[in-house]
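Notes for the one structure printed next.
In this note's numbering, the protein residues as written are 3 to 303.
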């Protein structure tokens, strides 16, 4: 049983490593130990599954330090124990971040960069399984629980099956549809990144997108540019109108085309609604180059 558990854990680490490479989190520090500052919780060290940092394009002159933890199983999520297990894993990761704040690793990272005004120390908890049964959306289930650990950190993001599959499917769809293009993440102009030094797109996915309901991408080749917005939730006419507005603002009304994807979009069922929304939007130069698709890429439409 011990050897089997080890093998499952190693598979989980590989799954997470492949996902991180897909979102541009290249060469994270893996399987390291950080001296514990709470010796009652951990006597000597906090083990971390991984650490990655990047200069945040969403907030000017800021470093994002990300400590991540990977929990992988062949069994479905234990519905009756989800809240209890999540709180335990959340606290474990929070304590690792707490120790990281005082670590030599953090200080070394900060010293590598110039013109940095601040930094955030966050966590990502990957809680995944390959059972193929049961629910896959823990984020919604756990959204209202109270977490009062008394531990200082800048936020912990949960990645469940639904979340990792959405991001993975969205990126793979874009790579398949635009094989000869460069695929980048779009960085929203949000008032915190108005500095001209901040890029508007790039290969690193900001941590803020992990729990977002949409994933904004850009496919570019020479003078061709397409804005892609994929949604985690099913097709909805009000959401479509909202995403059209977002896409138009992202491209400053200058992109060549726009693609909006839903996981359940059916042309036979939803096309009349799409055409109606296009008329209401009342911008022919934009809507004439807008396509709504199913990013799961079914042959039957």
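Cβ coordinates follow ideal geometry from the N, Cα and C atoms, glycine included.
Inset, instruction - Name the two residues that bound the continuous alpha helix (DSSP H) containing residue 218. - result: Where residue 218 is concerned, there is no enclosing alpha helix (DSSP H), although the beta strand (DSSP E) it sits in stretches over 216 to 223.
Inset, instruction - Enumerate in chain order the residues of its own chain whose CB-to-CB distance from residue 39 is below 7 Å, with the five nearest sequence positions on each side excluded. - result: Excluding residues within five positions, the ones whose Cβ falls inside 7 Å are 100, 101 and 104.
Legend entry - For residue 62 and residue 252, the rounded distance between their alpha carbons: Rounded to the nearest angstrom, the two C-alpha atoms are 18 Å apart.
Legend entry - Among 282, 245, 262 and 205, the one whose alpha carbon lies nearest that of residue 28: Closest by alpha carbon: 205.
Legend entry - Nearest to residue 54 (by Cα), restricted to the options 113, 66 and 60: Among 113, 66 and 60, the Cα nearest to that of residue 54 belongs to 66.
Inset, instruction - Grab me the residues of residue 143's own chain with a C-beta within less than 7 Å of its C-beta, minus the 5 sequence neighbours each way, in chain order. - result: Cβ neighbours of residue 143 beyond the five flanking positions: 84.
Legend entry - Host alpha helix (DSSP H) of residue 108 (start-end): Where residue 108 is concerned, the enclosing alpha helix (DSSP H) stretches over 106 to 113.
Inset, instruction - Please list the segments of the alpha helix (DSSP H) lying wholly inside the segment 153 to 193, counting only runs of 4 or more residues, in order along the chain. - result: Runs of the alpha helix (DSSP H) inside the segment 153 to 193: 163 to 179.
Inset, instruction - Indicate whether residue 186 and residue 220 have their beta-carbon atoms separated by less than 7 Å. - result: The Cβ-Cβ distance between residue 186 and residue 220 falls below 7 Å.
Legend entry - Where the beta strand (DSSP E) through residue 306 begins and ends: Nothing can be reported for residue 306, as the shown portion of the chain is limited to 3 through 303.
Inset, instruction - Report buried or exposed for residue 272, applying the criterion of at least 16 other Cβ atoms within 10 angstroms of its Cβ. - result: Buried is the call here.
Inset, instruction - Quick one: residues in its chain with C-beta nearer than 6 Å to the C-beta of residue 216, no 5 flanking neighbours on either side, listed in chain order? - result: By the criterion of a C-beta distance shorter than 6 Å, residue 216 is surrounded in its chain by 231 and 233, once the five residues flanking it on both sides are discounted.
Inset, instruction - Please name the residue, chosen from 149, 80 and 112, that lies closest to residue 131 on a Cα-to-Cα basis. - result: Nearest of 149, 80 and 112 to residue 131, Cα basis: 80.
Legend entry - residue 237 - DSSP class collapsed to helix/strand/coil: Three-state DSSP puts residue 237 in coil, outside helix and strand.
Inset, instruction - Out of 114, 213 and 135, state which residue places its alpha-carbon closest to the alpha-carbon of residue 157. - result: Among 114, 213 and 135, the Cα nearest to that of residue 157 is on 213.
Legend entry - For residue 149, the three-state DSSP class (helix, strand or coil): In this structure, DSSP gives residue 149 a state outside helix and strand, which the three-state scheme calls coil.
Inset, instruction - Assuming residue 242 contacts residue 229 (C-beta within less than 8 Å), just tell me the rounded distance between them. - result: Wrong, their Cβ atoms sit about 14 Å apart, outside the cutoff.
Inset, instruction - Confirm, please, whether the CB-CB distance from residue 189 to residue 202 is below 7 Å. - result: Taking 7 Å as the cut-off, the beta carbon of residue 202 is found closer than this to the beta carbon of residue 189.
Legend entry - Three-state class that DSSP yields for residue 292 in the structure shown: Three-state DSSP puts residue 292 in a strand.
Inset, instruction - With DSSP collapsed to three states, give me the class of residue 70. - result: Strand at residue 70.
Inset, instruction - Starting from the Cα of residue 223, find the closest Cα among 246, 244, 259 and 249 and give me that residue. - result: Selected option, being the one with the closest Cα: 259.
Inset, instruction - For residue 101, name the three-state secondary structure that DSSP assigns. - result: Shown here, residue 101 sits in a helix according to DSSP, grouped into three states.
Inset, instruction - Tell me residue 272's beta-bridge partners as DSSP assigns them. - result: Answer is none; residue 272 lacks a bridge partner.
Inset, instruction - Sort out for me which residues DSSP pairs residue 10 with in a bridge. - result: Its beta-bridge partners do not exist; DSSP assigns none.
Inset, instruction - Please confirm whether residue 71 and residue 107 have their CB atoms less than 7 Å apart. - result: No; because the gap between Cβ atoms is not below 7 Å, this pair is not in contact.
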